[in-house]
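Asks: In the working numbering, the protein residues as written are 3 to 190.
Note that beta-carbon positions come from the ideal geometry of N, C-alpha and C, so glycine has one too.
Take a look at the following structure, please.
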C-alpha cells in the first residue's frame, strides 16, 4: 500500500531526531493528537518499511555500516596514552596527537595553578585533565558487535534426585479424588 504524502513526510521527519511525536507535528499532523498518531504510524508495517529504507539510504550516503562502526570501536580500543604523553608525563602538542585521540577524547580540562595571595600570587603550572573513552564499555560494544558474548552472564542449572542421583519419575493413573489427596500430601 502506498503511503500518503503526510506519512511519507512523517518518515522523513522521523529520521531527523527519531522523535515520533515531533516528526508527526513537523509532518503536519495535529499537535493535540500527534503522540497517538506517531504511535499508530510507527506500528504500521508500510511506514516501518519506509523508515528502514530511508535509514539504509542515509547510511549508504554517509558510508556508515557495521564495518565502519567496528573499525571505530577498534580505533578506540587501540588508543594508547603513550601516543599523547611524553616520558616525563607532560602532554605532547595536540597537533602531534593521532587522529583517534583528537576524535574520541571524552573531555579535556585545563586549570591554572597558583601559589601566594594578592599581588604575590604566581602561576606555578597548569593542571591538565584528560578523559578518554570508557574502555570497558568499548570492549563490551566490540564484544556485542562481533558476537563473542564475553559479557553474557553464564548460568547453568542442574537438577538431581536424592543423594545426587537421577530424578525418579513415576507415571501413575489416579482418580481425580486420589490426585487431589496426593497433591495435598505433597504440599504437606
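1. For a test of the three-state rule: what should DSSP assign to residue 8, helix, strand or coil?
2. Taking 8 Å as the threshold, find out whether the region 66 to 83 comes into contact with the region 45 to 57 through three or more Cβ pairs.
3. Does residue 33 pass the burial test, meaning 16 or more other C-beta atoms within 10 Å, or should it be called exposed?
4. Identify the continuous alpha helix (DSSP H) that holds residue 27 and give its terminal residues.
5. Grab the span of the alpha helix (DSSP H) containing residue 53 for me, first residue to last.
6. Could you pull the start and end residues of the beta strand (DSSP E) that residue 111 belongs to?
7. Rounded to the nearest angstrom, what separates residue 116 and residue 127 at their Cα positions?
8. Have a look at residue 135 and residue 83 and give me their C-alpha separation to the nearest angstrom.
Replies: In terms of the structure at hand:
1. helix
2. no
3. exposed
4. 22 to 28
5. 47 to 64
6. 109 to 117
7. 7 Å
8. 12 Å
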